[in-house]
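For this note's numbering, add 3 to where a residue sits in the sequence shown, where the first one is 1.
Working notes, beginning with the structure itself.
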Amino acid sequence: MKTGNNEQDTPARWHFSGFVLDAGQRTLKDQEGDVIRLPARAFYILLELVRAAGRPVSKDHLLTSAWKGRIVEENSLSRAISTLRQALGDDAVSPRFIATIQGEGYQFVAQFDVDQADEPESSASKPDPAHLTAAAGKQHIQRLSRVYFALLVIVVIVAVAFIGLRSSPQAENEPKPAATGLLDLEILTDFPGSHSSPTFSPDGQWIAFTSDASGMNQVWVMSITDREPRQLTHEDNGASEPAWSPNGQQIAYNVEGWGIAMMSPLSPGPPRLLIKDGSYPEFAPSGNWLVYEYGRQVHRAQKDGSDAQRIEGIPERAFIRMQALPVVSPEDDRVAYFLADNATAGDFWHISALGGEPVRITKDGVPAAGASWIPDGKALIVSSPRNGRANLWYVPLDQSEPIPLTTGVGDDTLPVVSPDGAWVAYTHQQTQWQLVSTDPRTGESEVLLERRDSIMLPTASLDGRKAAWFSANPTRIELFTMDLEQRVANRVFNDPSRLPTAPSWSSDGQSIYYHDLASLDLRRVDIDGRNDVLAAAGFHWRRGKIWLSFQPGGDRYVFQEREQETRRFRSVARSLTGEPDVVFDAPDLRMPSWNDDGTRLVGVGPDDALWQCRLIDQQCDPLLANGEAVRGAQPQWSYDDARIYLRRYTEHPSYHSLWVFDSNDESLSQLLELGPFEANNITYDVAADDQIIWSRTLTGDSKIWRGRLP
């Protein structure tokens, strides 16, 4: 039996305890010969550990080699190790395969046989995480159709800066959340890791919360007095969103892929399944029943999980990303929830706990992140970006004016009011935005601009020399441009009557078209801020017209819209001179993009398959690589028209892989990964020399804070 190292330049096949790890075919098979689907980096880490069997491999080495020098947190490695242990049926306490070596890293401890593996189909002999494609990746492609809705959310998130305008900008070095209403602000979870989703114990002396301090999300508990955190759950798939029962005897929580589980915080033992496939539990104050989400619906059930039923009157969520997060009123008689009503944002509502006619609480039309009832039942504390960032607001049910409770840099989300009504605990996180240029050939990236205000929907001019984006701060929405050689950001104009979003460059690069959120029209403005004029009345993303792209050297612009009768997407090329529209002959064609000479475009059709269309006859053909459909999102032409770039999901939702289709040999290959993206700003563009322009979002660790209500 072998227990030593192996040469890395020769593909090998390792056999251990019935498993077969094949470096040549890049597969892990179980005892039955079935392929175990692993994320790309998890596979690469296992390969590194097996090759070094008999000696520890440092965390730094694994992070550097598997993530290719990209800055990631150590918990990314912990999650990959947890994934491997789950796949192998291993145990961190009594490991048979992967042992944790305290202060060093990890070590593969099983014995194995090794033989020569089959050569891989590609020319690469050494797996590289930038080019490995996980077997599970195919299922993520099916999620690409959701990108349309996610991108629509972007402009509403920033538009809320103009609904109220109740806060003033904070200093750039703000050390903690500011408060205009909450008193005695203090951090509760001042220890390593990210912490979120607090819930109070019935006596208000403890909190339960979600934390990744152990390497993946689990439920933790902590006394507010002594501040000694203790991990409660040890779920293989992680645990989150805890809810403390009113009698203090149980904590319910989410388990990915299982449902709502229950465990005692007093004498922890094996968890029991409460509601299969349920999520986001919340107990009624009486403790007799609970409310939760079930798929796209809001349900209620008895405290033991029996008598589960939908609350009639709460519409199904049309958009899976925007949770309802239902909460029960102090009198047990009503349920408040969030409902997205137009794919971009929505409002808070409340309804009888037995179902009935819902009543609107807010009329903001913005995204939101959680609510909690005041003990007298006359108001909610909600997280809302109605001032430009997600802050906490006191919202009376009588429709009187909301009162801001927090303001300043960062996002305040998932509030919960203490049982005595004295305190509000919430999640606070700060975000930094970067405008980035990445060379797809080398993978090298350069930060062009870094700021705390958002950098949304960056787009390159048709000559590839300039970029434009829009940004929101607590007092306005602004339009910016940058000369990519000079690296200086310039504000286009500062007209408070205009709310510029979703910019697109004109064909000559001298002006920018933008969607005005104030008038819901398409407008055009010169890059020096002059000649701001109406371009197309009623043309706006709020009316379903998006992915605007101007024809190079021509007088047409192409866009995506949804037909009212069939509700199917189509791509339309419209003339600036009044000629008839051109509709391309491809079903459900979306995300259209012109080639360099304006004679063809590429878009995404059903099942995320890419289609190439000709302007001259409006005919479209599927894009094929080695006889198979090319699938992905947001296709973009290279500057010499020889290649088409596209992106795909990876195992991590904040990162997307960049691929390229070569028109000369009809080949498809993966280039690199881009990220982390903000969930509602997943987009990129191609600038000069095929430089990829995109916006990176860096979020700090989230922490749980509390403040006293005045």
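In this text, a Cβ means the ideal position worked out from N, Cα and C, and glycines have one as well.
Just so it is clear, the structure is predicted and the values come from calculations on it, not from any experiment.
C-beta atoms of residue i and residue j nearer than 7 Å
i	j	result
Q433	G703	yes
F341	A327	yes
A45	A83	yes
T484	A463	no
D600	F572	no
N598	D535	no
L50	L87	no
L80	L65	yes
G207	D423	yes
G251	S217	no
P288	P333	yes
P59	I104	yes
I384	V420	yes
L277	M266	no
S510	F553	yes
F496	G532	yes
Residues near residue i by beta carbon distance below 6 Å, same chain, minus five either side
i	result
F587	S574, C616, Q621 and C623
Y151	Model confidence at Y151 stands at a pLDDT of 34, short of 50, so the residue's coordinates are unreliable and nothing is read from them.
A576	R559, V561 and V585
S125	Since pLDDT at S125 reaches only 34, below the 50 mark, its modelled position is unreliable, and no value is offered.
Y687	I695 and W697
I549	Q563
F19	A113 and F115
L452	L438 and A492
L701	Q435
T580	D558
S666	A645
Same chain, Cβ closer than 8 Å to residue i, neighbours up to 5 away in sequence not counted
i	result
L185	L395, L408, T409, V427, G710, R711, L712 and P713
D519	R501, L502, P503, T504, L525, R526 and H543
I707	I190, L191, T192, H198, S199, P201, I210, F212, A428, Y429, T430 and H431
G21	D33 and Q34
Option in the options with minimal Cα separation from residue i
i	options	result
Y429	S200, G92 and A56	S200
P388	Y560, T441, D350 and E319	D350
D335	P370, Y642 and E285	E285
G108	D118, P361, D94 and L52	L52
L728	G606, S68 and S243	Because the chain in this structure spans residues 4 to 713, residue 728 falls outside the shown range and cannot be described.
N220	V633, F496 and P195	P195
R16	G36, R99 and D116	D116
A628	T653, Y658 and V663	V663
Q234	I354, P249 and L269	L269
V222	N240, D531, E244 and G57	E244
S670	L626, D692, P656 and D688	L626
K381	R565, R337 and T416	R337
T365	A339, I377 and I458	A339
A475	L460, H18 and A425	L460
V330	S226, A636, L417 and D239	L417
D401	Q435, H353 and G413	H353
S596	P499, L661 and Y642	Y642
D187	I530, W436 and A425	A425
R455	Y397, L661 and R392	R392
K306	N291, V385, H659 and S226	N291
A311	E319, R320, P318 and E296	E296
D610	T602, V633 and R603	V633
V258	P555, E404, N240 and R275	N240
P378	Y397, R363 and S386	Y397
Whole-angstrom C-beta distance between residue j and residue i, which should lie under 8 Å
i	j	result
T192	A246	The Cβ separation is near 18 Å, so there is no contact.
L613	L649	7 Å
R699	P679	7 Å
G262	D280	5 Å
S440	A690	7 Å
F473	L482	5 Å
P274	T228	Not quite, the Cβ-Cβ distance comes to about 27 Å (not below 8 Å), so this is no contact.
Chain-order list of residues whose beta-carbon lies under 7 Å from that of residue i (same chain, five-residue window excluded)
i	result
G358	I314, E315 and G316
G512	S464, L465, D466 and K469
S514	R527, V528, D529 and I530
P123	At P123 the pLDDT is 37, less than 50, meaning the model places this residue with poor confidence; the figure from the coordinates comes in the next sentence. Only P14, G27, Q28 and R29 meet the Cβ criterion.
### Any beta strand (DSSP E) of 3 or more consecutive residues that is wholly inside the region 652–689
659–665, 670–677 and 687–689
### Task
Give, in chain order, every unbroken run of the beta strand (DSSP E) that is at least 3 residues long and sits entirely within the region 513–572.
514–519, 524–529, 536–539, 549–553 and 559–565
#### Entry: Residue ranges of each beta strand (DSSP E) within the region 184–215, 3 or longer
186–190, 198–203 and 209–214
#### Entry: Ranges of the alpha helix (DSSP H) found wholly within the region 590–655, counting only runs of at least 4
none
### Query
What are the complete beta strand (DSSP E) segments, minimum 3 residues, inside the region 223–280?
232–234, 242–247, 254–258, 262–266 and 275–279
### Task
With a floor of 4 residues, list each alpha helix (DSSP H) that falls wholly inside the region 19–81, ordered by position along the chain.
43–54 and 62–69
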